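*Asks:* Take this structure first; my questions come after.
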Amino acid sequence: MAASDSEEQFYRLSPAAHEEEREPVNDSIIASGGFDIESFTRDHLHCPSCGKYYDDPRTLPCLDSYCRECLEKEARKQREEKEREREREAREREESGQAEEEPHDLDESYLETLRNSYNLTPVSTEGSTNEYSESLSNTFDCPQGCQCPTGISFDRDGDIDHIPPSNKFLGNMVKDVQLKNEVPAALGDDDDGEDDENHEIGHRSCKKIHLTTKCIDKETAAIVGVINDVHGVHNKIKTAIIKIENMKESVTDNKDAAITAINEHCDKLIADLEEQRERLINQTKEIHNKKMANLKEHQDALKRISDTLQKSIDFIGGSVNMAIPTEFMFLKESFHERLNYLKERYKDSDMLPSDVNENIHLKLNDDFSVDGALGQVVGTPFIENYTLESFPNPVRSRRAYSFKIQSRDICRTEVAGNVPMLEATICSVESLNPIQCFVKLNDEEGVYMVYFYPLRAGRHKVNVYRPQTRPLDDLFVKGCPFYIDVRR
């Protein structure tokens, strides 16, 4: 029978026994993130000891709690173990011959020890049922009344009533007397040898303490000293409070002075910064005016030199007599001097399209030279100004744009050669996919017309260059690329 119970218990506690009874998990519920009540009840709401499921899980204090039957069984088992332990201890005491101790029962020898230790003498008091009580030489009316362990009290009319002590008080007398009724040696001895009985004034809380007049004087002096110390501490506290108030006033004054100094310093710094700002603005304006005046002067000088060179070229091309080499060489040397002067003066002048009046000025190329006598002498075009013009395009049914590039060349005659051809590309800054533009030259006016069709409104980058025999050696017009904004 025991074997069958143990097998049933093992089968009930074994997790393998429940594996066959478990239902398959619903994958749809887990996939949807829902809460499966049946699986939660099967996994947690059962007794860990017997495996029994609860009828009402709401009454459980926590998960995996024991059922009521298992709890009662465990409590009954503990009570039986305690009873068996008490029976075993009782048998051991019977075998050893020891009786149970009664904490409040005292034998005669213990009472005799108390009498001798605490000066308990017989007193013949009328109506007393106890043979012993404490000596009456040092007792007054005790506020504890019948609860006093000495068993002595006084009526309000002065009669003495003896209250017999009970076993309860006698049983606790050793503890009470040792803790409460110890008489300090300093208080019980009289240094002057006087009789203590002539100076006894009573007891406190039933303590047999002989208080002499000398002790009272000492206590009075000590109390007076303590009171004086309290007054001294009180005076010190008042002095400290006064010092704290003075410190607070001083801190407030220092704070106001610091704030005033900081404000003055900040105002001074602000004034200095404003002065420096105005001075820098004036210096910047002055430098800007000087640069603009210098730039204007350079442009005027360049214009004059260009006109002079143009006149010289026209003269050489139209009126030079080939039969007079000396005159030709003189004009050639003069031309070289002017040209070298021009190159030397403007070789470091980079003037970008951000100059005034939207003028785009470019410096001469470094490879500017004269190739032999009566050779092809041309100058690099530069963009002096450009203007955007829009006109309808009948072919593509959309608006086209064009801008002019003014070109100044050194030799534009048939003898010296023609101005170079230019090419141009335009692309949006977002796509950076260049599109070739159509460039038309007006040789008489020295103007290039660049036509383009912007893909969309916005900022576009324009690049103008001079094509060469090799594609990698294209000479970009200096100052390019530049940007234009197109609005529809």
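Mind the numbering: the sequence shown is residues 20 to 507 in our numbering, read in order.
By construction, the Cβ of each residue, glycine as well, lies at the ideal position given by its N, Cα and C atoms.
Just so you know, these numbers come straight off a predicted model, no measurement behind them.
Which residue marks the beginning of the beta strand (DSSP E) containing C456, and which one marks its end?
*Replies:* Working through the sequence shown from its first residue, we reach residue 456 at position 437. Unbroken beta strand (DSSP E) run through C456: 454-461.
*Asks:* Can you name the start and end residues of the alpha helix (DSSP H) that E114 belongs to?
*Replies:* Taking the first residue of the sequence shown as position 1, residue 114 is located at position 95. Counting along the chain, the alpha helix (DSSP H) containing E114 begins and ends at 87-115.
*Asks:* Between S331 and Q302, what straight-line distance do the alpha-carbon atoms span, to the nearest angstrom?
*Replies:* Residue mapping note: residue 331 aligns to position 312 of the sequence shown, counting from 1. Residue mapping note: residue 302 aligns to position 283 of the sequence shown, counting from 1. For S331 and Q302, the distance between alpha carbons rounds to 43 Å.
*Asks:* In this structure, does DSSP put R285 in helix, strand or coil?
*Replies:* Within the sequence shown, residue 285 is the residue found at index 266, counting from 1. Sequence inspection shows Cys at residue 285; the Arg mentioned does not correspond to that position. Helix, per DSSP.
*Asks:* So what does DSSP say about V448, is it helix, strand or coil?
*Replies:* On the sequence shown, position 429 is the one that residue 448 refers to. Looking at V448 - three-state DSSP - the assignment turns out to be coil, as it is neither helix nor strand.
*Asks:* Going by DSSP in three states, K309 sits in which element: helix, strand or coil?
*Replies:* For this step, residue 309 is matched to residue 290 along the sequence shown. Helix at K309.
*Asks:* I'd like the span of the beta strand (DSSP E) that includes H479, first residue to last.
*Replies:* Stepping through the sequence shown from its first residue, residue 479 is reached at position 460. Run containing H479: 477-485, per the beta strand (DSSP E) assignment.
*Asks:* Can you find the residues in the same chain that come closer than 6 Å, C-beta to C-beta, to K71, ignoring five residues on each side of it along the sequence?
*Replies:* For the purposes of this step, residue 71 is identified with residue 52 of the sequence shown, where counting begins at 1. Excluding positions up to five away in sequence, the list reads C86.
*Asks:* Note down the Cα distance separating A312 from E356, rounded to an integer number of angstroms.
*Replies:* Translated into the one-based positions of the sequence shown, residue 312 becomes position 293. Translated into the one-based positions of the sequence shown, residue 356 becomes position 337. The straight-line gap from Cα to Cα measures roughly 26 Å.
*Asks:* I need the DSSP call for N378, collapsed to helix, strand or coil.
*Replies:* Working through the sequence shown from its first residue, we reach residue 378 at position 359. At N378 the pLDDT is 34, less than 50, meaning the model places this residue with poor confidence and gives no usable figure here.
*Asks:* Look at the Cβ atom of D441, then the Cβ atom of V483, and state whether they are nearer than 8 Å.
*Replies:* Along the sequence shown, read from residue 1 onward, the residue named residue 441 stands at position 422. Along the sequence shown, read from residue 1 onward, the residue named residue 483 stands at position 464. Here the sequence assigns Leu to residue 441, which means Asp is not the residue at that position. Cβ distance < 8 Å, so L441 and V483 count as in contact.
*Asks:* Taking buried to mean at least 16 other C-beta atoms within 10 Å of its own C-beta, is H250 buried or exposed?
*Replies:* The residue given as residue 250 occupies position 231 in the sequence shown. So H250 ends up on the exposed side.
*Asks:* Here's the rule I'm using: 16 or more other beta-carbon atoms within 10 Å means buried, otherwise exposed. How should A259 be labelled?
*Replies:* Looking up residue 259 in the sequence shown gives position 240. The residue is exposed, with fewer than 16 neighbouring Cβ atoms inside 10 Å.
*Asks:* Just to confirm, is the Cβ distance from R485 to V448 under 8 Å?
*Replies:* As a first step, residue 485 is located in the sequence shown; it is residue number 466 there, counting from the start. As a first step, residue 448 is located in the sequence shown; it is residue number 429 there, counting from the start. No, these two residues do not count as a Cβ contact at 8 Å.
*Asks:* How close, in whole Å, do the beta carbons of Y467 and F457 come, if the pair is a contact with beta carbons under 8 Å?
*Replies:* As a position in the sequence shown, residue 467 is number 448, starting the count at 1. As a position in the sequence shown, residue 457 is number 438, starting the count at 1. No, Y467 and F457 are not in contact; Cβ-Cβ is about 11 Å, not under 8 Å.
*Asks:* Rounded to a whole number of angstroms, what is the C-alpha to C-alpha distance between N376 and A277?
*Replies:* If you number the sequence shown from 1, residue 376 lands on position 357. If you number the sequence shown from 1, residue 277 lands on position 258. Below a pLDDT of 50, predicted positions are generally treated as unreliable, and N376, at 31, falls in that range; the measurement from the model is reported next regardless. If you take the alpha carbons of N376 and A277, they lie about 55 Å apart.
*Asks:* Can you give me the Cβ contacts of I48 inside the same chain, cut-off strictly under 7 Å, excluding the 5 residues immediately before and after it?
*Replies:* The residue labelled residue 48 in the question sits at position 29 within the sequence shown. In this prediction, I48 has a pLDDT of 47, which is less than 50 and means its spatial position is unreliable; what the coordinates show is noted afterwards. Answer for I48: D55, listed in chain order.
*Asks:* Around the Cβ of C66, are there at least 16 other Cβ atoms within 10 angstroms (buried) or fewer (exposed)?
*Replies:* For this step, residue 66 is matched to residue 47 along the sequence shown. Its Cβ being crowded by 16 or more others within 10 Å, C66 is buried.
*Asks:* Going by DSSP, name the residue or residues bridged to A443.
*Replies:* As a first step, residue 443 must be located in the sequence shown, where it is residue number 424. In DSSP, A443 forms a bridge with C456, V483.
*Asks:* In or out: Y502 buried (at least 16 other Cβ within 10 Å) or exposed?
*Replies:* As a working mapping, residue 502 is identified with position 483 in the sequence shown. It counts as exposed.
*Asks:* For T239 and I256, I'd like the C-alpha separation in whole angstroms.
*Replies:* For the purposes of this step, residue 239 is taken as residue 220 along the sequence shown, with counting starting at 1. For the purposes of this step, residue 256 is taken as residue 237 along the sequence shown, with counting starting at 1. Taking the straight line joining both Cα atoms gives about 26 Å.
*Asks:* Give me the Cα-Cα distance between D62 and E102, rounded to the nearest whole angstrom.
*Replies:* Taking the sequence shown and counting its residues from 1, the one referred to as residue 62 is at position 43. Taking the sequence shown and counting its residues from 1, the one referred to as residue 102 is at position 83. Each residue's alpha carbon lies about 38 Å from the other.
*Asks:* Return the CA-CA distance between K315 and L328, expressed in angstroms with no decimal places.
*Replies:* By 1-based counting over the sequence shown, the position of residue 315 is 296. By 1-based counting over the sequence shown, the position of residue 328 is 309. Their Cα atoms are separated by approximately 20 Å.
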